[in-house]
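Trainee:
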Amino acid sequence: MTAELEARIGLAREIERGASVLSSRVVEAFLNVPRHPFVPAFYRRDGGTYLPTRGPGEEWLRAVYADEVLVTEVGGVHAEEAPDEGVTGDATSSSTAPGLMAEMLDALDVLPGDRVWEIGTGTGYNAALLCRLAGGGTVTTVDRTSRLVDAARERLRAIGYEPAVLGADGAGAPPAGGPFDRIIATCSVRRLPTAWLEQCVTGGVIVVPLGNALGGGAVACLTKLPGGGAAGRFLHRPAAFMPLRPKGSAVVPGPPAPVAGRRRSSVVGARVLDDHAFSFWVGLALSRSVVRDGGTLHDPADGSTAAVRDHPGRPSEVATSGPRDLWQLVESAWTAWRRHHRPRREWFALTVGPDGSHEVTFTVPDGSTASWRL
Ligand SMILES: C[S@@+](CC[C@H](N)C(=O)[O-])C[C@H]1O[C@@H](n2cnc3c(N)ncnc32)[C@H](O)[C@@H]1O
Numbered sequence: 039m040t041a042e043l044e045a046r047i048g049l050a051r052e053i054e055r056g057a058s059v060l061s062s063r064v065v066e067a068f069l070n071v072p073r074h075p076f077v078p079a080f081y082r083r084d085g086g087t088y089l090p091t092r093g094p095g096e097e098w099l100r101a102v103y104a105d106e107v108l109v110t111e112v113g114g115v116h117a118e119e120a121p122d123e124g125v126t127g128d129a130t131s132s133s134t135a136p137g138l139m140a141e142m143l144d145a146l147d148v149l150p151g152d153r154v155w156e157i158g159t160g161t162g163y164n165a166a167l168l169c170r171l172a173g174g175g176t177v178t179t180v181d182r183t184s185r186l187v188d189a190a191r192e193r194l195r196a197i198g199y200e201p202a203v204l205g206a207d208g209a210g211a212p213p214a215g216g217p218f219d220r221i222i223a224t225c226s227v228r229r230l231p232t233a234w235l236e237q238c239v240t241g242g243v244i245v246v247p248l249g250n251a252l253g254g255g256a257v258a259c260l261t262k263l264p265g266g267g268a269a270g271r272f273l274h275r276p277a278a279f280m281p282l283r284p285k286g287s288a289v290v291p292g293p294p295a296p297v298a299g300r301r302r303s304s305v306v307g308a309r310v311l312d313d314h315a316f317s318f319w320v321g322l323a324l325s326r327s328v329v330r331d332g333g334t335l336h337d338p339a340d341g342s343t344a345a346v347r348d349h350p351g352r353p354s355e356v357a358t359s360g361p362r363d364l365w366q367l368v369e370s371a372w373t374a375w376r377r378h379h380r381p382r383r384e385w386f387a388l389t390v391g392p393d394g395s396h397e398v399t400f401t402v403p404d405g406s407t408a409s410w411r412l
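In terms of my numbering, the sequence shown opens at residue 39 and continues consecutively.
(1) Where are the beta strand (DSSP E) runs, 3 residues long or more, that stay fully inside the region 148–180, in chain order?
(2) For T161 and I222, what's the separation of their Cα atoms in angstroms?
(3) Does DSSP classify V187 as helix, strand or coil?
(4) State yes or no: is the C-beta of R347 within less than 7 Å of the C-beta of E355?
(5) Is V180 near ligand 1 - that is, is its Cβ less than 6 Å away from at least one heavy atom of it?
(6) Would you report the Cα separation of L412 and G86, rounded to the nearest angstrom?
(7) For A345, report the span of its alpha helix (DSSP H) as first-last.
(8) Between the Cα of A209 and the Cα atoms of R82, R283 and R193, which residue gives the shortest distance?
(9) What's the call for E123, buried or exposed, on a 16-neighbour Cβ count within 10 Å?
(10) Pick from L235, D404, P247 and Y88: whose alpha carbon is nearest that of C225?
(11) Measuring only the C-alpha atoms, how far is E97 from Y163?
(12) Determine the direct distance from the alpha carbon of L260 to that of P213, and round the result to whole angstroms.
(13) Are the beta-carbon atoms belonging to A165 and E156 less than 7 Å from one another?
(14) In angstroms, rounded to a whole number, what distance separates the CA positions of P75 and Y81?
(15) Would you call the CB atoms of A117 and P94 closer than 7 Å?
(16) Given a threshold of 16 other Cβ atoms within 10 Å of its Cβ, counted over all protein chains shown, does R170 qualify as buried or as exposed?
(17) Let me check understanding here. Comparing Cα to Cα, which of G127, P350, S133 and D105 lies closest to E54?
(18) Reducing DSSP to helix, strand and coil, say where G215 ends up.
(19) Going by the C-beta, is M280 closer than 6 Å to any heavy atom of ligand 1?
(20) Taking the alpha carbon of A189 as the reference point, which residue from A79, H349 and G405 has its own alpha carbon closest?
(21) Assuming P264 and C238 make a contact with CB atoms under 8 Å, what is their CB distance in whole Å?
(22) For G270, which residues does DSSP report across the bridge?
(23) For a test of your reading of the model: does the CB of C259 fall under 6 Å from any non-hydrogen atom of ligand 1? Yes or no.
(24) Just to confirm, does C225 get its C-beta within under 6 Å of one of the non-hydrogen atoms of ligand 1?
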């Protein structure tokens, strides 16, 4: 057995052991589709620099078959073309962590013959798994640059798959081949685009990461309803996917503004935001424009900022500026979340109306419901 095959079997076993994937077809797909042809090079982060790691080699192979995200493009520069001293900027394409891919594919529930549309081809690895599950030429995948789609198309063909791989803006006109039985996005959107909803057949499934800088991103799994809307739930696992960007663009928003201003203490420390269940709740409770960088929150919409410094054994220090005390909103959300028995993200339902309205609801143990409009 080759080292590559041994590593691939190890990864499939790890996914199976994770037990959050219910379908043996998904595990079988990971067993049969190799990842290494899709990531001949990727970046490793070293402080603020992304350094290229190129295969073949032991370190490369270990990372390729680990349950890890592999960044493949930074600021539009692919790892294969990167200088040895590395590049700086923001990640603009990657191969998602296989465990998360498996959970999303499991939720998507692709059946043989399904027409599938993927938004975010990236390396092409997920498209290969989709081809394996759908059984061939009924998969269409799009990404924003020809550099990405040309490489993915070639690598897919080399291992025997020929989906339609198109350079197109996922937010633009839908590709030919629809309507689709299954739609999956591997980049995040703030709301489900109505074109995606319209392109899905009744009873079809849409798996989409809904980006929320504060909530860390949550993957929604929706079923298209007869009236034109969709309804479903969120997956348990948080997922901070890179956002859907305009075609050809590699620009991401800048970091939060520095903090100066009012100071106080708080018994709620910045670590609460690392709890995946609470971060989802607080993402719903606060304005969705709020972004987080470590212990700093910033709302570019009104310029409010809060910076929190935790100190073991004593209250945290909070510095706020701008019209709103963002940390006070987090403190209120923390109290409400605990009063509602610390709900997890998979306990929330999402309904998307035919008009594109989004409502998240949670049924409180006393039978009442709490709801938020996205
Ligand atoms: C996490 S990566 C995708 C991973 C990929 N499915 C794989 O298996 O390698 C997200 C991708 O979304 C793409 N993307 C971002 N904005 C897009 C847009 N407007 N239209 C299509 N793709 C987009 C990025 O270029 C990036 O390749």
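Where is the CB? At the ideal position from N, CA and C, for every residue including glycine. This one's a predicted model, so the numbers in the text were calculated from it and none came from an experiment.
Mentor: Taking the geometry as given:
(1) 154–157
(2) As a position in the sequence shown, residue 161 is number 123, starting the count at 1. As a position in the sequence shown, residue 222 is number 184, starting the count at 1. In a straight line, the C-alpha of T161 is about 15 Å away from that of I222.
(3) As a first step, residue 187 is located in the sequence shown; it is residue number 149 there, counting from the start. Looking at V187 - three-state DSSP - the assignment turns out to be helix.
(4) For the purposes of this step, residue 347 is identified with residue 309 of the sequence shown, where counting begins at 1. For the purposes of this step, residue 355 is identified with residue 317 of the sequence shown, where counting begins at 1. Yes, the Cβ-Cβ distance between R347 and E355 is below 7 Å.
(5) Taking the first residue of the sequence shown as 1, we reach residue 180 at position 142. Yes, ligand 1 has a heavy atom inside 6 Å of this Cβ.
(6) Start at 1 with the first residue of the sequence shown, and residue 412 comes out as number 374. Start at 1 with the first residue of the sequence shown, and residue 86 comes out as number 48. Cα to Cα, L412 sits roughly 33 Å from G86.
(7) The residue you call residue 345 lines up with position 307 of the sequence shown. Note, A345: premise wrong, no alpha helix (DSSP H); beta strand (DSSP E) at S342 to H349.
(8) Here residue 209 corresponds to residue number 171 of the sequence shown, with the count starting at 1. The option with the nearest alpha carbon to A209 is R283.
(9) The residue given as residue 123 occupies position 85 in the sequence shown. It counts as exposed.
(10) Mapped onto the sequence shown, residue 225 falls at position 187. For the residues L235, D404, P247 and Y88, the minimum Cα distance to C225 belongs to P247.
(11) Taking the first residue of the sequence shown as position 1, residue 97 is located at position 59. Taking the first residue of the sequence shown as position 1, residue 163 is located at position 125. Cα to Cα, the separation comes out at about 20 Å.
(12) Locating residue 213 in the sequence shown gives position 175, counting from the first residue. Locating residue 260 in the sequence shown gives position 222, counting from the first residue. In a straight line, the C-alpha of P213 is about 21 Å away from that of L260.
(13) In the sequence shown, the residue the question calls residue 165 occupies position 127. In the sequence shown, the residue the question calls residue 156 occupies position 118. Yes, the Cβ-Cβ distance between A165 and E156 is below 7 Å.
(14) Taking the first residue of the sequence shown as 1, we reach residue 75 at position 37. Taking the first residue of the sequence shown as 1, we reach residue 81 at position 43. If I take the Cα positions, the gap works out to 16 Å.
(15) Here residue 117 is taken as the residue at index 79 of the sequence shown, counted from 1. Here residue 94 is taken as the residue at index 56 of the sequence shown, counted from 1. No; because the gap between Cβ atoms is not below 7 Å, this pair is not in contact.
(16) For this step, residue 170 is matched to residue 132 along the sequence shown. Classification of R170: buried, given that the 10 Å Cβ count is 16 or more.
(17) Position 16 of the sequence shown holds residue 54. Comparing Cα positions, the closest option is D105.
(18) For the purposes of this step, residue 215 is identified with residue 177 of the sequence shown, where counting begins at 1. If DSSP states are grouped into helix, strand and coil, G215 belongs with coil.
(19) The residue you call residue 280 lines up with position 242 of the sequence shown. Yes, Cβ of M280 sits closer than 6 Å to a heavy atom of ligand 1.
(20) Within the sequence shown, the letter at position 151 stands for residue 189. Of A79, H349 and G405, the residue nearest in Cα terms is A79.
(21) Position 226 of the sequence shown, counted from the first residue, corresponds to residue 264. Position 200 of the sequence shown, counted from the first residue, corresponds to residue 238. Between C238 and P264 the Cβ distance is about 12 Å, and since that is not below 8 Å, they are no contact.
(22) Your numbering for residue 270 matches position 232 in the sequence shown. Note: G270 sits in a beta bridge opposite L260 and L388.
(23) Residue 259 sits at position 221 when you count from the first residue of the sequence shown. No, the beta carbon of C259 sits no closer than 6 Å to any heavy atom of ligand 1.
(24) Looking up residue 225 in the sequence shown gives position 187. Checking every heavy atom of ligand 1 against the Cβ of C225, one is found closer than 6 Å.
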